[in-house]
Amino acid sequence: LRQRAESQAPYQGLPWMTQEQLLNVPGLQVVLVETEVRDLLNAAEACIAARKHVHLDKPAGESLPQYQRILESAGKQQLMVQMGYMYRYNPAVLLLRQFLRDGWLGDVFEVHTVMSKVVPAGSRKQLAEYPGGILFELGCHILDLAIDVLGAPTSVTPYTQTTAGHDDTLQDNM
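This note's numbering puts the sequence shown at residues 42 to 215.
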């Protein structure tokens, strides 16, 4: 990641530091954790252990037990953990919430959604490592909104498929 970042204009000339150096910056209160999925929870856990609030990129890593441990530890220390869902505060979503509160949409009992993107071959192979395929990366945005509108589901049944014509195992439901 660092090599890729260093080659981009916004990051050129920035001082680089270790995780330990970052977590010991005087006055630092919050850390934005955005890294490879496999490293997200370990980085977030280190931040919480250092008594820092955390903004954690989605998805919340690979381990629900570790994520729950992070939330529990943060709660005990009165620290915040915020997930980085890009649509949660989107003006259209805020307007939707207002419409729901004001009763303009009646009794909402189901939603139909689509979210997709073109995924290059290299990224397809990386995403195929995760259960749920593309749902692991993109589905959390849809689920966040759907749960906000409908409440938590009582059960979930996945129907996954892989696009014909791709030489990989990514479940992309396209």
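Using N, Cα and C, we set each Cβ at its ideal position, and we do this for glycine too.
Alpha carbon to alpha carbon, how far is Thr198 from Gly173? As a working mapping, residue 198 is identified with position 157 in the sequence shown. As a working mapping, residue 173 is identified with position 132 in the sequence shown. Spanning the two alpha carbons is a distance of roughly 11 Å.
Cutting at 8 Å between CB atoms, please list the residues of its own chain near Ile183, excluding the five before and the five after it. For the purposes of this step, residue 183 is identified with residue 142 of the sequence shown, where counting begins at 1. Excluding sequence neighbours, Ile183 sits near Thr154, Met156.
Compare the Cα-Cα distances from Lys158 to each of Gln119, Asp213, Trp145 and report the closest residue. As a first step, residue 158 must be located in the sequence shown, where it is residue number 117. When the alpha-carbon of Lys158 is set against those of Gln119, Asp213, Trp145, the nearest one is in Asp213.
Assuming Ile175 and Leu168 make a contact with CB atoms under 8 Å, what is their CB distance in whole Å? Looking up residue 175 in the sequence shown gives position 134. Looking up residue 168 in the sequence shown gives position 127. About 6 Å; that satisfies the 8 Å criterion.
With distances taken between CB atoms, is the gap from Ala101 to Tyr108 smaller than 7 Å? Position 60 of the sequence shown, counted from the first residue, corresponds to residue 101. Position 67 of the sequence shown, counted from the first residue, corresponds to residue 108. Against a cut-off of 7 Å, the Cβ pair of Tyr108 and Ala101 comes out as a contact.
Alpha-carbon to alpha-carbon, Phe177 and Glu86: For the purposes of this step, residue 86 is taken as residue 45 along the sequence shown, with counting starting at 1. For the purposes of this step, residue 177 is taken as residue 136 along the sequence shown, with counting starting at 1. Answer to the nearest angstrom: the Cα atoms are 21 Å apart.
Taking Gln70 as the reference, which of Arg92, Ala46, Gln60 has the closest Cα? Indexing the sequence shown from 1 puts residue 70 at position 29. The shortest Cα separation from Gln70 among Arg92, Ala46, Gln60 belongs to Arg92.
Please say whether Met124 and Leu97 have beta carbons closer to each other than 7 Å? Looking up residue 97 in the sequence shown gives position 56. Looking up residue 124 in the sequence shown gives position 83. Taking 7 Å as the Cβ cut-off, Leu97 and Met124 qualify as a contacting pair.
For Arg217, which option in Glu47, Gly147, Pro51, Leu42 has the closest C-alpha, if you only look at C-alpha atoms? With the chain represented from 42 up to 215, any question about residue 217 goes unanswered, as that position is not in the structure.
Hey, how far is the Cα of Leu136 from the Cα of Ile89? As a first step, residue 136 must be located in the sequence shown, where it is residue number 95. As a first step, residue 89 must be located in the sequence shown, where it is residue number 48. So the alpha carbons of these two residues sit roughly 33 Å apart.
Length at least 4, wholly inside the region 126 to 182: the alpha helix (DSSP H) runs in chain order: Listed in chain order, the complete alpha helix (DSSP H) runs (minimum 4 residues) inside the region 126 to 182 are 132 to 142, 162 to 168.
Host alpha helix (DSSP H) of Val197 (start-end): Here residue 197 corresponds to residue number 156 of the sequence shown, with the count starting at 1. Neither: Val197 is in no alpha helix (DSSP H) and is coded neither H nor E.
Give every residue of the same chain whose Cβ lies closer than 7 Å to the Cβ of His207, excluding the five residues on either side of it in the sequence, and list them in chain order. Start at 1 with the first residue of the sequence shown, and residue 207 comes out as number 166. Residues Arg165 of the same chain have their beta carbon placed closer than 7 Å to that of His207, with the five preceding and five following residues left out of the count.
N-terminal and C-terminal residue of the beta strand (DSSP E) that Leu97 is part of: By 1-based counting over the sequence shown, the position of residue 97 is 56. Under the DSSP assignment, Leu97 falls in the beta strand (DSSP E) whose first and last residues are 94 to 98.
Sorted by chain position, which residues of the same chain lie with C-beta nearer than 8 Å to Glu151's C-beta, five sequence neighbours on each side aside? Here the question's residue 151 lines up with position 110 in the sequence shown. Only Leu191 meet the Cβ criterion.
Quick check on the burial criterion: 16 or more other C-beta atoms within 10 angstroms. Buried or exposed for Val149? Position 108 of the sequence shown holds residue 149. Classification for Val149: exposed.
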